[in-house]
Structures are given as C-alpha cells and as structure tokens.
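Here my numbering is used: the first residue of the sequence shown is 5, the next is one more, and so on.
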Amino acid sequence: MSETSLSSGIGATDTPAQSHSADARSNRTSLLAGVLLALFLAAADSTVVGSLLPTMANQLGQADLYPWLISAFLLTSVLVTPLAGFAADRYGGRTTMLAALLAFAVTSAAVAAATTMPLLIAARAAQGIGAGAVAALTYVVIGQAFGPDERARMQAMLSAVWGLAAVAGPALGTAAEATVGWRRVFLINLPLAALAAFLVRRVPPAQAQSSRTISPWALLSFALALGGALCSSKPPPWTSPPSWMCTRPVVATKPVPRPASASPMTTRTSDSLPPSTRTNGPAVSNRPPISAVPRAPKRLSRPAQTADPTTQPSAPAMTKRPLAVSPTVPWEASASGRRVTGA
Numbered sequence: 005m006s007e008t009s010l011s012s013g014i015g016a017t018d019t020p021a022q023s024h025s026a027d028a029r030s031n032r033t034s035l036l037a038g039v040l041l042a043l044f045l046a047a048a049d050s051t052v053v054g055s056l057l058p059t060m061a062n063q064l065g066q067a068d069l070y071p072w073l074i075s076a077f078l079l080t081s082v083l084v085t086p087l088a089g090f091a092a093d094r095y096g097g098r099t100t101m102l103a104a105l106l107a108f109a110v111t112s113a114a115v116a117a118a119t120t121m122p123l124l125i126a127a128r129a130a131q132g133i134g135a136g137a138v139a140a141l142t143y144v145v146i147g148q149a150f151g152p153d154e155r156a157r158m159q160a161m162l163s164a165v166w167g168l169a170a171v172a173g174p175a176l177g178t179a180a181e182a183t184v185g186w187r188r189v190f191l192i193n194l195p196l197a198a199l200a201a202f203l204v205r206r207v208p209p210a211q212a213q214s215s216r217t218i219s220p221w222a223l224l225s226f227a228l229a230l231g232g233a234l235c236s237s238k239p240p241p242w243t244s245p246p247s248w249m250c251t252r253p254v255v256a257t258k259p260v261p262r263p264a265s266a267s268p269m270t271t272r273t274s275d276s277l278p279p280s281t282r283t284n285g286p287a288v289s290n291r292p293p294i295s296a297v298p299r300a301p302k303r304l305s306r307p308a309q310t311a312d313p314t315t316q317p318s319a320p321a322m323t324k325r326p327l328a329v330s331p332t333v334p335w336e337a338s339a340s341g342r343r344v345t346g347a
C-alpha cells in the first residue's frame, strides 16, 4: 500500500470526528446566541415601558392605572419562576424554552393590539408570564449545555445582558416611540423571538431529569402571599394580625448562647497549635501571635520618681524607661518594666 493511499485512509477516518466536533461547537454557539437574545428581550420589556407610559396614558385614558403596566408585568414574571423550573425538570429545558418564547411572542402581540387600559394591563400581566419563564429558563439551558468549567463565563455574559437591557431599554423605547409608535415596540418582539427560538431549536433536546409532581397548593399559596404583599398599597400596622403572624416565629426563636472561652478570631486557630504558640497560654515563645487585635500601650512613659525639685534643679522632669512587651500579649506594655507572661 502506498503512502498516498495510507494518508488518504487516515484522513478519511478522522473526518467524521472532526465534523462532529465542528457541529457540536456550532450548536453551542447557536444556543448561546439564542439564549442571550431571548434574555435580552425579556429583560428589556421590563424597562422599555417606563419611557412609553405617558404616551400610553394619553392615548388609552385612565392614567391613574398606568403604574399597573409595570407592576402586573413584574408580579407575574416573579410568580412563574418556580413553575418554569418545574416544567424544565419534567419536560426538558429546550422544550420549555420554546414554549416560553411562543407565549412571550403571542402576549407581545396582545399588548400591541390592546385598545383600553384594562386590556393593556391584562396583556402586560400575560406577557410577564412568558418573560419570567424565559429569564428563568435561560439559566437552566445554560447549565444543561455547558460544563462547570464554562459556567462562570456564561454567567458573566448573562449578567452583562441584564445590564445592557437596563441601560438600553428606556433609550430604545424613547427612540422607537418617536419614530414608529409605541405599539411597534412590542411588535418587534415577534421576529426576534422567532429568531431566538430558531437558534435554540437547533440544539438536540435534553432528556427530562425528573418526573415529580408539584403541589398546586404550594404554587397557590406562594402566589397569594407574594401577590398580596406586592399589591398592598401600604404596609399593615405592627399590631395587625398579619404582622403578628409574620413576627411570631422570630419572637418565639430561642437564642443560642455563645461560649465566652475564646474570641471568634482565635477559636479555630489556637486549638490546633502547640501550647507555646497559643495566644491564651503562657508566654514561653518569641513568635508573634497568630490572630489578635493590636492594642495601643496604655502608657509609653511615666514620670520619674524624684525628690524635691528645689534640692535637685538639674534633674530632668521626665525620664523614659524601656518598655517590656510580651510576645503573646500584643502591644501590651508592662507598667513596672517586667514582662507580662499571660493574656
């Protein structure tokens, strides 16, 4: 067999492996781009409305209800987070992400088509469900697709997207409202969400990791508790039953006494050292203390014990004696000039 045929045979066996590696790298890049785009859409929709509120209130009326355009969105986006995590465990992260992107696109179209303020608030609440699910599933998909060594870099990218959305959202909303109108701001979510879904769909679906059922009462109690806390116009007084129910577990908690044998700075280090180097033991070593807070000496000089100044006019008024500093009692000077041997 010639060298040419041998080399061609080796190249033929290596080509499928290299092709598979290139496809896997391309799929991961596609997934990352789709996830970052989806997260930016969900995060920007929570900040873009701030610059559109005056125009919405002027066109639809009932300006006293416009704060609900933000509150309803944020409320539902928070409440859907545990449900999105449960769905990802049961049906897979990719499938749940595609469903969340579909819900986000449909509700964005409903926001753009709203003709009254109550309908707009309801559409924004429904849009928050899709946006909250997308934001939560972003971290799930990243955790399933990337290994532990790469997750730190992925988390940094996701945090950068949150910051970019917080800064660019109001600016983009103002520019779009002045040029194409506030309804087009939400209609632009449809093609972008479709692009993000296409990029995420290229990744093979992950196998479901859990078949556990979630308690509907747990979700209902969580939604009612958080919704009531966010919807209350003012906090209840301290003497009201809700306040007592919240503070009773704290009041009934029994404090745990803390041992006063050693300070928290030396408790863990002094027990593992020999007796000659412990800060609470006798001073038989010249080593400095392991962990101790320096204290200034109480007195750096003391007056000389002299006789009547009229009989000794040439004697100095003050004299300095050498200070004896213990190596285990930091910066603690002896008043009598003798070494202090204990803490």
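Where is the CB? At the ideal position from N, CA and C, for every residue including glycine.
Note that the coordinates shown come from a computational prediction; the quantities given were computed from them, not determined experimentally.
- The alpha-carbon separation between A67 and L191 amounts to approximately 23 Å.
- In this structure, the beta-carbon distance from L78 to I125 does not fall below 8 Å.
- Around the beta carbon of G151, fewer than 16 other beta carbons sit within 10 angstroms, so the residue counts as exposed.
- The C-alpha of R32 is placed about 21 Å away from the C-alpha of W166.
- In the displayed model, S34 falls within a helix according to three-state DSSP.
- Distances from the CA of R94 to each of L141, A160, F202, A175 were compared; the closest alpha carbon is that of L141.
- Shortest Cα-Cα distance from T51 to any of R187, L168, G134 involves L168.
- T80 has its alpha-carbon roughly 7 Å from the corresponding atom of A130.
- Here the alpha carbon of V53 sits roughly 37 Å from the alpha carbon of D153.
- Counting C-beta pairs with one atom in each stretch, the stretch 183-203 and the stretch 33-46 have three or more that are closer than 8 Å, which means they touch.
- Around the Cβ of G97, a 10 Å sphere holds 16 or more other Cβ atoms; the residue is buried.
- Out of A92, A109, A118, the CA that lies nearest to the CA of D49 is found in A109.
- Per DSSP, L56 lies in no alpha helix (DSSP H) segment and is marked neither H nor E.
- Distance check between A164 and each of L40, L57, E181 places L40 closest, using alpha-carbon atoms only.
- For R128, the number of other beta carbons within 10 angstroms of its own is at least 16, and it is reported as buried.
- Residues of the same chain with their beta carbon placed closer than 7 Å to that of A175 are lacking, with the five preceding and five following residues left out of the count.
- DSSP places D49 outside both helix and strand once states are collapsed to three, so it counts as coil.
- In this structure, A201 sits near L105, with a CB-CB distance shorter than 8 Å.
- The residue among M101, L69, L83 with its C-alpha nearest the C-alpha of I146 is M101.
- L35 is not a Cβ neighbour of L162, given a cutoff of 8 Å.
- Around the beta carbon of T111, a 10 Å sphere encloses 16 or more other beta carbons of the protein chains shown; the residue is thus reported as buried.
- The three-state reading of DSSP puts F90 in helix, counting H, G and I together.
- In this chain, A118 is not harboured by any alpha helix (DSSP H), its DSSP state being neither H nor E.
- Taking a C-beta distance under 8 Å as the contact criterion, G177 and M121 do not qualify as a contact pair.
- Taking C-beta separations shorter than 7 Å and ignoring five residues to either side along the sequence, the partners of A118 in its chain run L124, A127, following chain order.
- Pairing L83 with A139, the inter-Cα distance amounts to about 12 Å.
- According to the DSSP assignment, D153 belongs to the alpha helix (DSSP H) that extends over 152-183.
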